[in-house]
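Below is one structure, written out as structure tokens; comments come after it.
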Amino acid sequence: MKKRYSEEQIIRVIKEHEAGAKVADICRRLGISNGTFYNLRSKYAGMEINEAKRLRELEKENNKLKKLLAEKLLENEALKDVVSKKW
1 MKKRYSEEQI IRVIKEHEAG AKVADICRRL GISNGTFYNL RSKYAGMEIN EAKRLRELEK
61 ENNKLKKLLA EKLLENEALK DVVSKKW
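The sequence shown begins at 1 in my numbering and counts up one residue at a time.
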């Protein structure tokens, strides 16, 4: 669902459910399982579209920072190995 539908579409579907649409009908129309719908609902319920976009930006930034940290830790470990070797 994440790849096939945008955050905007997901939020619209959740609002449709909150307005009274049945989960089974929504899932059948979108081609997703009930579990997928409830997982998305737990993540996006109560959000507006601009908040979902901000969440996506923050997740992207967080992943970038995690990658940078991992690279620096690896580099630091390599430098420690070089320093600890006897010449």
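Here a beta-carbon is modelled for each residue, glycine too, at the ideal position from N, C-alpha and C. All figures in this text were calculated on a predicted structure; none of them were measured in a lab.
If you measure between the beta carbons of residue i and residue j, is that distance less than 8 Å?
{"i": "I14", "j": "R41", "result": "yes"}
{"i": "I10", "j": "Y38", "result": "no"}
In angstroms, rounded to a whole number, what distance separates the CA positions of residue i and residue j?
{"i": "E8", "j": "N76", "result": "42 Å"}
{"i": "L65", "j": "E59", "result": "10 Å"}
{"i": "E16", "j": "A78", "result": "53 Å"}
{"i": "M1", "j": "L30", "result": "Per-residue confidence for M1 stands at a pLDDT of 46, beneath the threshold of 50, marking its modelled position as unreliable; no derived number is given."}
{"i": "R12", "j": "L73", "result": "42 Å"}
{"i": "G46", "j": "A52", "result": "10 Å"}
{"i": "K48", "j": "N62", "result": "Checking the displayed sequence, the identity of residue 48 turns out to be Glu instead of Lys. Near 21 Å, if we compare the C-alpha coordinates of N62 and E48."}
* **alpha helix (DSSP H) runs wholly inside the region 9 to 65, at least 4 long, in chain order** => Listed in chain order, the complete alpha helix (DSSP H) runs (minimum 4 residues) inside the region 9 to 65 are 23 to 30 and 34 to 44.
* Is it a yes or a no for the region 23 to 30 touching the region 64 to 76, going by three-plus beta-carbon pairs under 8 Å? -> Cβ pair count under 8 Å is below three, so no.
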